[in-house]
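Note sheet for the following structure.
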Amino acid sequence: MAAAAYRAGQELTDERQGLTHDYTRKQGVENVFIVAPDGADWAQDRNVLWNAAEAAEKRKDAKTGREYELALPAELNAGARKELARDFARELVARYGVVADVAIHEPGREGDNRNHHAHLLTTTRTAGEDGLGGKTRVLDVASSASAEIDAEISQKGCTSG
120 MAAAAYRAGQ ELTDERQGLT HDYTRKQGVE NVFIVAPDGA DWAQDRNVLW
170 NAAEAAEKRK DAKTGREYEL ALPAELNAGA RKELARDFAR ELVARYGVVA
220 DVAIHEPGRE GDNRNHHAHL LTTTRTAGED GLGGKTRVLD VASSASAEID
270 AEISQKGCTS G
């Protein structure tokens, strides 16, 4: 929940823990959007989405999301960066049935001014009309998941970071 709030630069409330994560003062968030499977319209609300992810887990130490970071080509304008990140998120959603919460960040004040990048937080469970379903275990295996995702990233013209 905190990661989603930070990446998006928004305020989200974790209902399970009774904590509010307020990152509305965070700068450098260029664009945020959610890509969900057909019929999972409920997941378009970031607060509802991540509270559902928390509620779906029984263990306190359960993983509720996975993060992927994409380095976006500096030559692209903001609209093209958004479309590239959206295309990648759509591929993950179509292939695995998860929800992808995307935040595109501008380069930081210090450092490389070409460092446009996107954070994709995905649910660990499939999503449908009635909420979250089963775990996407294929993505739990670090070596196979990493290789598969890296191949997808490369195909889209990005690099993983």
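Going by our numbering, the sequence shown opens with residue 120, and the numbers climb by one from there. By construction, the Cβ of each residue, glycine as well, lies at the ideal position given by its N, Cα and C atoms.
Item                                                                                                                                                                  : Value
Helix, strand or coil: which one does DSSP assign to residue 195?                                                                                                     : coil
Using only the alpha-carbon positions, how far apart do residue 175 and residue 250 sit?                                                                              : 9 angstroms
Report back the beta-carbon spacing between residue 243 and residue 185 to the nearest angstrom; my notes put them in contact at under 8 angstroms.                   : 6 angstroms
Taking one C-beta from the stretch 146-157 and one from the stretch 217-225 each time, how about it: are there three or more such pairs within less than 8 angstroms? : yes
Which of the three DSSP states, helix, strand or coil, is assigned to residue 202?                                                                                    : helix
Does the Cβ of residue 139 have 16 or more other Cβ atoms within 10 Å, making it buried, or fewer, making it exposed?                                                 : exposed
From residue 149 to residue 256, what does the alpha carbon distance come to, in whole angstroms?                                                                     : 32 angstroms
Nearest by alpha-carbon distance to residue 235: which of 188, 129, 180 and 252 is it?                                                                                : 188
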